[in-house]
Amino acid sequence: MMKRISVVLILGIVIFACLGAGCISPSEPGAGTGKETPPGDQGDGNALASSVARDELYFVTEEYPPYNYVENGMIQGIGVDLLRGVIRQMDSTISSDNIRVLPWSRAYEIVQKENNTAIFATVRLAEREDLFKWAGPLGSDRKVVFADKDSGIGITDPGDLDRYRIGVVKDDAAYTQLLALGIDPSNLVAMGTVPAIISLMEEGTIDLWCYGDLAGRYYAGTVTGDPSYFKVVYTLDSEDLYYAFNKNTSDQTVSAFQEALDTLRHEPDSTGVTEYQRIVYRYAGVSCLPDSGITADHVTGLVDLTAGYMEDDTPGTLARINAGEHPFWDRDNRALYVFVYDTDVTIVAEADNPRLIGVSMKGKTDVAGTPFRDLLTQTALSEGSGWVDYVWMVPEENGIYKKSAYCRLVEGSDGNRYIVVSGMYTACDDQETT
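Positions in the sequence shown are counted from 1; adding 279 to them yields this note's numbering.
Here it is, written out as structure tokens:
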């Protein structure tokens, strides 16, 4: 367990018992009702702004599934559950009264102005970098442009977008991303909420709207009754999501938060799975990459290269792998890396996560229940080499993805046998997202 944050730094942060039990903040901090006022019915947030003067730490968010949303009066989602896990990991507590769902523009304004506040889940854009202190990432967000499914609108180039009026949420990252594509600001219509944007679509006031893919479908379903009411006609670049803290938050607090989040992402439990993987799998399932840029030849080539190094100098090669050196962790494509087991399924080298060195993975599975490490070891011992499918994280990325790994048995220069493994994440063209 991480060292406890200084009492001075967390003075005023009260017990997180209710949130840990799955409760949600009342409409006003301290009201103690244990129920969330529905988003969009919480006023302008002035009660929150006055409450933060008491030096308690408050988190604000919006309805943005699957990262944060209200269901049956309870707030949940990837960002919320990770926040709970981070607080436990920090050995500190936060009150459930201190998390609020607000309209995005109001929440965004509060965290810039008020001490002891943080907002999530926030795209970390260059234009926002100096406005906050950051911890993350907690996930990735892909903004898309929606059109009426019967509109006949087709977008093949960003320049095509400039022929239409496009709705965006005020202060949402979509506005900045569209400007970066060269869209004329006069063609962008900013509204306070997604339902307001959908109303403009139904009225014919705007032609398109831009928002997160999954969250946009969620709102389409809640407003129109059909999640497929709109079609995606253009996809923007994926961006990472973060917790963004008011600039006056102490560096020590943000650093401790980041360290706890990193632990949730990278340190597996007794079953071999990290808490981050469990949370993402629970809400978002398994995805595929649009194009990982990795082929089977890349994978087998890296395994064969590593095996050759192992035969010549096992101790030196393991040290280089664990240091994350190229080519064992490709400097140009961070999804391509190598890891090594001994014949007892203990990790002896892991280019992307050296904290796993020496950990026995025998009998442990991926988050979907596949004992892939045992299967890789068995395949190498019985066949000499082969492929095994499972699901895993992409280093320095977010989400759970389908992966196929190639393994090879090799005798090292020390006379011991090892299983050298690398893999590739399945492209969306090859396998559907689940």
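All C-beta atoms in this analysis are idealised placements derived from N, C-alpha and C, irrespective of residue type, glycine included.
Asked	Found
Other residues of its chain near residue 449: CB distance less than 8 angstroms, five sequence neighbours each side excluded	383, 384, 469, 470 and 471
Top-ranked residue by Cα proximity to residue 609, from 649, 580 and 620	580
Meets three-Cβ-pair contact criterion under 8 angstroms: the stretch 680-687 and the stretch 600-609	no
Segment limits, beta strand (DSSP E) that includes residue 608	Here residue 608 belongs to no beta strand (DSSP E), and DSSP marks it neither H nor E.
Separation of residue 566 from residue 711, as counted between CA atoms	Per-residue confidence for residue 711 stands at a pLDDT of 40, beneath the threshold of 50, marking its modelled position as unreliable; no derived number is given.
Range covered by the beta strand (DSSP E) that runs through residue 517	509-525
Residue 318 burial status per 10 Å Cβ neighbour count (16 or more: buried)	With a pLDDT of 37 at residue 318, under the threshold of 50, the predicted position of this residue should be treated as unreliable, though the coordinate-derived value follows. By the neighbour-count rule (16 or more Cβ atoms within 10 Å), residue 318 is buried.
Whether residue 625 touches residue 692 by CB criterion (7 angstroms)	no
Cα-Cα separation between residue 394 and residue 529, rounded to whole angstroms	10 angstroms
Reference residue 486; option with closest CA among 378, 474, 587 and 444	444
Residue 380 - DSSP class collapsed to helix/strand/coil	strand
Rounded C-alpha distance that separates residue 397 from residue 423	26 angstroms
Three-state class that DSSP yields for residue 638 in the structure shown	coil
Short Cβ contact (7 angstroms threshold) for residue 681 with residue 702	no
Where the alpha helix (DSSP H) containing residue 357 begins and where it ends	357-368
Member of 341, 660, 694 and 415 whose CA lies at the smallest distance from the CA of residue 700	660
Distance, residue 582 Cα to residue 706 Cα	20 angstroms
Cut-off 6 angstroms between Cβ atoms - residues of its own chain near residue 522, not counting five sequence neighbours on either side	397, 399, 414 and 415
N-terminal and C-terminal residue of the alpha helix (DSSP H) that residue 661 is part of	651-662
Burial state of residue 623 (16 or more Cβ within 10 Å)	exposed
Spatially closest choice to residue 446 from 458, 479 and 434, by CA coordinates	479
Span separating the alpha-carbon of residue 666 from that of residue 578	11 angstroms
Residue 689 - partner residues in DSSP beta bridges	697
Nonlocal neighbours in the same chain, by C-beta distance under 6 angstroms from residue 560, ignoring five residues either side	646 and 679
Cross-strand partners of residue 470 (DSSP beta bridge)	448
Nearest to residue 668 (by Cα), restricted to the options 644, 514 and 456	644
Minimum C-alpha distance to residue 506 - residue among 555, 477, 526 and 368	477
Selected residue, minimal CA-CA separation from residue 628, among 541, 455, 598 and 454	598
Collapsed DSSP secondary structure at residue 345 in the structure displayed	coil
Local Cβ density within 10 Å of residue 358, reported as buried at 16 or more and exposed below that	buried
Cβ neighbours of residue 509 in the same chain (closer than 7 angstroms, five flanking residues each side left out)	425, 426, 427, 428 and 499
Host beta strand (DSSP E) of residue 506 (start-end)	Careful: residue 506 lies outside any beta strand (DSSP E) and carries neither H nor E.
Expected contact under 8 angstroms - CB spacing of residue 494 and residue 344 to nearest Å	5 angstroms
Euclidean distance between Cα positions of residue 437 and residue 489	13 angstroms
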